[in-house]
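Undergrad: Residue numbering for the sequence shown follows UniProt numbering, beginning at 1 and increasing consecutively. What follows is a single structure, and I will ask about it in a moment.
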Amino acid sequence: MHQEATSTFRDHKFRPVFLYTLNSGFEGTHVMIFIGFGFLMTFLKKYSYSGVGFNLFLAALIIQWALLCQSWYHMEDKLIYITKMTILEADIMAATILITFGALLGITSVNQLLFIAIIETVFACFNLWLITSKFKATDVGGSLAIHTFGAYFGLAASWAMAYGRKKKSDQPNQLNKPIYSSDMTAMLGTLFLWIYWPSFNSGLTHSNAEYQRAVINTYLSLAAATPTLTESSIIDTCGVHNLHGMPGVYSGLLSIMFAYMATADVYGDELSVVFPALSGGGGNSSNATAAPSSDQALAQFEGLVATLVIAIIGGIITGALSKIAIFVPLKEPEKYNDAVDWELPK
1 MHQEATSTFR DHKFRPVFLY TLNSGFEGTH VMIFIGFGFL MTFLKKYSYS
51 GVGFNLFLAA LIIQWALLCQ SWYHMEDKLI YITKMTILEA DIMAATILIT
101 FGALLGITSV NQLLFIAIIE TVFACFNLWL ITSKFKATDV GGSLAIHTFG
151 AYFGLAASWA MAYGRKKKSD QPNQLNKPIY SSDMTAMLGT LFLWIYWPSF
201 NSGLTHSNAE YQRAVINTYL SLAAATPTLT ESSIIDTCGV HNLHGMPGVY
251 SGLLSIMFAY MATADVYGDE LSVVFPALSG GGGNSSNATA APSSDQALAQ
301 FEGLVATLVI AIIGGIITGA LSKIAIFVPL KEPEKYNDAV DWELPK
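In structure tokens, the structure reads:
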């Protein structure tokens, strides 16, 4: 899957500082999934056990399920190949479900979470296959297939679960808020995500040059954005819409523009590696003039629209089905409370 491009950064003759290694991408992503996302979910004052525990449960389950689901769309000789690369891809797919978990944090039972995670993985793997293999959209960092899909699937499921439910009180649930110590553990998760995000975004790159570009752009974007946090104090309970949804859509829109502007003068022989729709037959061709850049722009647009449609419709259907009594939906007093599912110290 990973192939060397014939150029690193065009017109730069220095020795590459960053060299792609599968180990670094796998290990960094693994830390993000199990520690970063896990502790990020601990900000509610009585839901820290569930935040970390359900994160571990869902991630461990979905990595296995995603291995199968993703392989079904790429089976060769009716065999499922399990390699470090396919495990990394499954690890990254687990992030989609954990983003959705953030939108549903504290309002779903463990049975509902299990049902939603299993169904969402099927939708998410289909969406990834559709936009990358059929439309040939480029989505190395997962802005569309991971962040946008996970956010809007979760928000749609949350809306469907609340639809038609009579609000018994105008008073907010007193457990739906943080305390000092829970905010600190959530900050720990944020730091792990911050540190390892370049590994996540560069994990599925196809060449050293693409890897360098992903690492540098991600790192500098994080560094530049962090000082502005004190100026933009927007409140979002779990950050799903602000952290994943809107940036994902914004990235998708920008990808349309950059794909349309892409030329061989900028990307060199790597053009068709970065933009698969320009290769005329896949992402490994060096024929950079096989298709006009507008074809890749169209592929990005189709990928964005398909992701939103599949995520929202899939989320609404799954959320509505999860309200069935066999999934034991939580009553209002049981929400945001570890005591429902955990034996807590006295």
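Note that CB positions come from ideal geometry on N, CA and C, so glycine has one too. These numbers were taken from a predicted model, which means no experiment stands behind them.
For residue 333, does the three-state DSSP call read helix, strand or coil?
TA: Correct three-state label for residue 333: helix.
Undergrad: Since residue 156 is in the alpha helix (DSSP H), which residue starts that stretch and which ends it?
TA: Note, residue 156: alpha helix (DSSP H), 149 to 162.
Undergrad: Counting only the same chain and skipping the five closest in sequence on each side, list residues whose C-beta sits under 6 Å from that of residue 137.
TA: Cβ neighbours of residue 137 beyond the five flanking positions: 131, 299, 300 and 303.
Undergrad: Given residue 262, which residues of its chain have a CB within under 6 Å of its CB, disregarding the five upstream and five downstream residues?
TA: So the list reads 275 and 293, once near-sequence residues are dropped.
Undergrad: Is residue 76 helix, strand or coil when you go by DSSP?
TA: Residue state, collapsed to three classes: strand.
Undergrad: Under 8 Å Cβ to Cβ from residue 156, same chain only, skipping five residues before and after it: list those, please.
TA: Once the five neighbours on either side are set aside, the close Cβ partners of residue 156 are 311, 312, 313, 314, 315, 316 and 319.
Undergrad: How is residue 206 classed by DSSP in three states: helix, strand or coil?
TA: Coil.
Undergrad: How is the alpha helix (DSSP H) around residue 296 delimited, first residue to last?
TA: Start and end: 293 to 321.
Undergrad: Is it buried or exposed, residue 257, if we count other Cβ atoms within 10 angstroms and call 16 or more buried?
TA: Its Cβ having fewer than 16 others within 10 Å, residue 257 is exposed.
Undergrad: Going by DSSP, what residue range makes up the alpha helix (DSSP H) through residue 39?
TA: Run containing residue 39: 37 to 40, per the alpha helix (DSSP H) assignment.
Undergrad: Using the C-alpha atoms, what's the distance from residue 194 back to residue 215?
TA: Taking the straight line joining both Cα atoms gives about 12 Å.
Undergrad: Which term fits residue 343, buried or exposed, when burial requires 16 or more other beta carbons within 10 angstroms of its beta carbon?
TA: So residue 343 counts as exposed.
Undergrad: For residue 265, does the count of other Cβ atoms within 10 angstroms reach 16, so buried, or fall short, so exposed?
TA: Residue 265 comes out exposed.
Undergrad: Measure the CB-CB distance between residue 31 and residue 196 and report whether it falls below 8 Å.
TA: Yes, the Cβ-Cβ distance between residue 31 and residue 196 is below 8 Å.
Undergrad: Which of helix, strand or coil does DSSP assign to residue 197?
TA: Of the three classes helix, strand and coil, the one that applies to residue 197 here is helix, per DSSP.
Undergrad: If you scan the stretch 104 to 139 from start to end, which runs of the alpha helix (DSSP H) of 4 or more residues do you find wholly inside it?
TA: As far as the stretch 104 to 139 is concerned, its whole alpha helix (DSSP H) runs of at least 4 residues are 110 to 129.
Undergrad: Once the 5 residues before and after residue 199 are set aside, which same chain residues still bring their CB inside 7 Å of it?
TA: The answer, listed in chain order, is 24, 25, 28 and 29.
Undergrad: By how many angstroms is the C-alpha of residue 279 removed from the C-alpha of residue 286?
TA: Residue confidence is low: residue 286 scores 44 on pLDDT, short of 50, so the model does not pin down where it sits. Its coordinate-derived value is still stated next. Approximately 7 Å, taken between the alpha carbons.
Undergrad: CB residue 186 to CB residue 43, shorter than 8 Å?
TA: In this structure, residue 43 lies closer than 8 Å to residue 186 by Cβ.
Undergrad: Short check: CB of residue 100 to CB of residue 249, under 8 Å?
TA: No, the Cβ-Cβ distance between residue 100 and residue 249 is not below 8 Å.
Undergrad: Between the stretch 111 to 127 and the stretch 82 to 89, do at least 3 Cβ pairs fall closer than 8 Å?
TA: Not touching, per the Cβ criterion.
Undergrad: Under DSSP, the alpha helix (DSSP H) around residue 265 begins and ends at which residues?
TA: Its alpha helix (DSSP H) spans residues 264 to 267.
Undergrad: Going by the CB atoms, is the gap between residue 58 and residue 97 shorter than 8 Å?
TA: Taking 8 Å as the Cβ cut-off, residue 97 and residue 58 qualify as a contacting pair.
Undergrad: Within the continuous alpha helix (DSSP H) that includes residue 259, where are the two ends?
TA: Element bounds for residue 259: 246 to 261.
Undergrad: Can you give me the start and stop residues for the alpha helix (DSSP H) that residue 272 sits inside?
TA: Where residue 272 is concerned, the enclosing alpha helix (DSSP H) stretches over 271 to 274.
Undergrad: Output the distance between the C-alpha atoms of residue 202 and residue 33, rounded to the nearest integer angstrom.
TA: When rounded, the distance between both Cα atoms is 15 Å.
Undergrad: Assuming residue 48 and residue 103 make a contact with CB atoms under 8 Å, what is their CB distance in whole Å?
TA: With 8 Å as the limit, residue 48 and residue 103 do not qualify as a contact, their Cβ atoms being about 18 Å apart.
Undergrad: Per DSSP, what kind of secondary structure is residue 31 in: helix, strand or coil?
TA: The answer is helix: DSSP assigns residue 31 an H, G or I state.
Undergrad: How many angstroms separate the CA atom of residue 183 from the CA atom of residue 75?
TA: Whole-angstrom Cα-Cα distance: 44 Å.
Undergrad: In whole angstroms, what is the alpha-carbon distance linking residue 281 and residue 64?
TA: Confidence in residue 281 is poor, its pLDDT being 46 and thus under 50, which makes the residue's placement unreliable; the coordinate value appears in the next sentence. Between residue 281 and residue 64, the C-alpha separation is close to 31 Å.
Undergrad: Using alpha carbons as the reference points, say which of 69, 36, 305 and 153 lies closest to residue 241.
TA: Of the candidates 69, 36, 305 and 153, the one whose C-alpha sits nearest the C-alpha of residue 241 is 153.
Undergrad: Please confirm whether residue 189 and residue 38 have their CB atoms less than 8 Å apart.
TA: Yes, the Cβ-Cβ distance between residue 189 and residue 38 is below 8 Å.
Undergrad: With H, G and I counted as helix, E and B as strand and the rest as coil, what does DSSP make of residue 89?
TA: Helix at residue 89.
Undergrad: What is the rounded straight-line gap between the Cα of residue 81 and the Cα of residue 71?
TA: Each residue's alpha carbon lies about 7 Å from the other.
Undergrad: What's the C-alpha gap between residue 109 and residue 327?
TA: Looking at the two C-alpha atoms, the distance is approximately 7 Å.
Undergrad: Would residue 134 be called buried (16 or more neighbouring beta carbons within 10 Å of its own) or exposed?
TA: Its Cβ having fewer than 16 others within 10 Å, residue 134 is exposed.
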